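Residue numbers (this note's numbering): 2 to 275. Glycine is no exception: its CB is placed at the ideal position from the N, C-alpha and C atoms. Please read all numbers here as calculations on a predicted model, not as lab measurements. Notes for the one structure printed next.
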Ligand SMILES: C[S@@+](CC[C@H](N)C(=O)[O-])C[C@H]1O[C@@H](n2cnc3c(N)ncnc32)[C@H](O)[C@@H]1O
């Protein structure tokens with residue numbers, strides 16, 4: 002499975018993903034959620050940080066952010082971007098690593114873990130548990146994790162679009178398994194590979210079982226989901242209306258139906274401080 006993830010990220014332009022209309026909205030809301038959730042000048046772990054978009058944004062905000070990613074190709078790209086940024090001297094070099102084994106980091110090393118990627122790639126329950134436990138271990142008491150997951154209803158519904166666009170990537174058993182137990186196995190070598198679509202309850206339980214207190218489950222794209230291009234057009238034509246839409250989208254991002262059906266969601270959880 003690792004090989005197919007690496008193959009996918011070797012050819013997919015992950016940096017450019019956040020420059021599409023959907024990506025612009027995802028990045029904007031994710032950054033605002035992070036800003037609201039973490040204290041100033043944190044030690045952060047950007048787990049599954051890819052080419053470093055969030056690491057650099059965190060460095061700009063005065064956090065010290067360590068990027069770890071499974072993909073050597075993306076780590077190399079991240080290091081080139083870090084080196085070329087004004088934050089090269091305060092940001093550690095990105096390293097290759099697996100979310101299921103953070104033994105390179107001591108207990109209680111970080112105030113915040115951003116896990117904006119690994120959990121929806123981990124299709125084995127024991128791997129998700131190992132990753133959640135290690136995130137808990139490397140956090141200081143009172144530390145925060147923001148972990149992205151793809152809610153089951155949303156992930157499965159998206160497979161309908163994907164089957165139309167790329168028929169080789171979705172067959173009867175892959176669709177049935179995804180709808181039944183949330184594990185999608187792409188039968189082809191093309192496109193985004195296996196994925197894990199947890200229900201919001203399962204996602205919360207995963208982190209609670211490792212000792213976290215789940216503070217919030219937030220839809221990232223909220224009611225803008227699938228309509229980001231239209232929303233950005235409104236923002237261009239009528240900024241006041243767009244501001245109201247954004248405010249309502251922020252409010253509705255906590256609505257359970259929105260969380261379940263509108264693309265990526267974030268678990269915001271904390272390590273109790275006894
Ligand atoms: C969709 S990208 C997200 C990148 C970045 N966090 C963002 O939000 O723009 C998912 C990332 O998770 C990484 N990843 C997948 N499985 C992982 C694992 N087990 N450990 C560490 N990183 C992993 C991938 O290599 C990829 O960079």
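Worksheet item: Anyone know if the C-beta pair for residue 270 and residue 151 falls short of 8 Å?
Response: Residue 270 sits at position 269 when you count from the first residue of the chain shown. Residue 151 sits at position 150 when you count from the first residue of the chain shown. One thing to note: residue 270 has its Cβ no nearer than 8 Å to the Cβ of residue 151.
Worksheet item: What are the boundary residues of the alpha helix (DSSP H) that residue 7 is part of?
Response: Residue mapping note: residue 7 aligns to position 6 of the chain shown, counting from 1. Run containing residue 7: 3-12, per the alpha helix (DSSP H) assignment.
Worksheet item: Can you list the alpha helix (DSSP H) stretches of 4 or more residues lying completely in the segment 14-40, in chain order?
Response: Those alpha helix (DSSP H) runs which fall completely within the segment 14-40 and span 4+ residues are 15-18 and 22-38.
Worksheet item: Just the Cα atoms here: how many angstroms apart are residue 69 and residue 110?
Response: Here residue 69 refers to the residue found at position 68 of the chain shown. Here residue 110 refers to the residue found at position 109 of the chain shown. In this structure, the alpha-carbon of residue 69 lies about 14 Å from that of residue 110.
Worksheet item: For residue 133, which three-state DSSP category applies?
Response: Position 132 of the chain shown, counting from 1, holds the residue named residue 133. In the displayed model, residue 133 falls within a helix according to three-state DSSP.
Practice prompt. Please classify residue 174: is it buried, with 16 or more other beta-carbons within 10 angstroms of its beta-carbon, or exposed?
Written response: Taking the first residue of the chain shown as 1, we reach residue 174 at position 173. By the neighbour-count criterion, in which a residue is buried when 16 or more other Cβ atoms sit within 10 angstroms of its Cβ, residue 174 is exposed.
Worksheet item: Buried or exposed: which applies to residue 63, given that a residue is buried once 16 or more other Cβ atoms fall within 10 Å of its Cβ?
Response: As a position in the chain shown, residue 63 is number 62, starting the count at 1. With fewer than 16 other Cβ atoms within 10 Å, it is exposed.
Practice prompt. Leaving out five residues on either side along the sequence, give the residues of the same chain with a beta carbon under 6 Å from the beta carbon of residue 23.
Written response: For the purposes of this step, residue 23 is taken as the residue at position 22 of the chain shown. 229, listed in sequence order.
Practice prompt. Can you check DSSP and say which residues form a bridge with residue 193?
Written response: The residue given as residue 193 occupies position 192 in the chain shown. Within the DSSP bridge table, the entry for residue 193 names no partner.
Worksheet item: Does at least one heavy atom of ligand 1 sit under 7 Å from the Cβ of residue 78?
Response: Here residue 78 is taken as the residue at index 77 of the chain shown, counted from 1. Short note on residue 78: C-beta not closer than 7 Å to any heavy atom of ligand 1.
Worksheet item: When you compare each of 142, 172 and 206 to residue 129 by their alpha carbons, which one comes out closest?
Response: The count along the chain shown starts at 1 and reaches residue 129 at position 128. Ranking the options by Cα distance to residue 129, first place goes to 206.
Worksheet item: Looking only at DSSP bridge pairs, what is residue 68 linked to?
Response: Within the chain shown, numbered from 1, the residue matching residue 68 stands at position 67. Bridge partners of residue 68: 47.
Worksheet item: Secondary structure at residue 260, three-state DSSP: helix, strand or coil?
Response: The sequence position of residue 260 within the chain shown is 259, counting from 1. Note: residue 260 maps to helix in three-state DSSP.
Discussion item. Using CA atoms only, rank isn't needed, just tell me which of 224, 169 and 162 is closest to residue 265.
Written reply: Counted from its first residue, the chain shown places residue 265 at position 264. The option with the nearest alpha carbon to residue 265 is 224.
Worksheet item: Mind checking whether the beta-carbon of residue 228 lies closer than 7 Å to any heavy atom of ligand 1?
Response: As a first step, residue 228 must be located in the chain shown, where it is residue number 227. Answer for residue 228: no, Cβ out of range of ligand 1.
Worksheet item: By Cβ distance, which residues of its chain are closer than 6 Å to residue 76, with the 5 residues on each side in sequence left out?
Response: Mapped onto the chain shown, residue 76 falls at position 75. Only 70, 95 and 97 meet the Cβ criterion.
Practice prompt. For residue 15, verify whether its CB is less than 7 Å away from any heavy atom of ligand 1.
Written response: For the purposes of this step, residue 15 is taken as residue 14 along the chain shown, with counting starting at 1. Checking every heavy atom of ligand 1 against the Cβ of residue 15, one is found closer than 7 Å.
Worksheet item: Excluding five sequence neighbours on each side, which residues of the same chain lie with their C-beta closer than 6 Å to the C-beta of residue 30?
Response: Along the chain shown, read from residue 1 onward, the residue named residue 30 stands at position 29. The answer, listed in chain order, is 221.
Fill in: residue 179 versus 169, 158 and 115, residue with shortest Cα-Cα distance
Mapped onto the chain shown, residue 179 falls at position 178. The residue with the shortest Cα to Cα distance from residue 179 is 158.
Item to complete: Report back the beta-carbon spacing between residue 353 and residue 115 to the nearest angstrom; my notes put them in contact at under 8 Å.
Response: Nothing about residue 353 can be read from this structure; the chain reaches only from 2 to 275.
Worksheet item: Quick one: does the C-beta of residue 122 sit closer than 7 Å to a heavy atom of ligand 1?
Response: The residue given as residue 122 occupies position 121 in the chain shown. Correct: residue 122 has its Cβ closer than 7 Å to ligand 1.
Worksheet item: What is the C-beta distance between residue 91 and residue 54, in whole angstroms, given that I count them as a contact (C-beta under 8 Å)?
Response: As a first step, residue 91 must be located in the chain shown, where it is residue number 90. As a first step, residue 54 must be located in the chain shown, where it is residue number 53. That belief does not hold up - the Cβ atoms of residue 91 and residue 54 are roughly 17 Å apart, past 8 Å.
Worksheet item: Going by DSSP, which residues form a beta bridge with residue 110?
Response: For the purposes of this step, residue 110 is taken as the residue at position 109 of the chain shown. Answer is none; residue 110 lacks a bridge partner.
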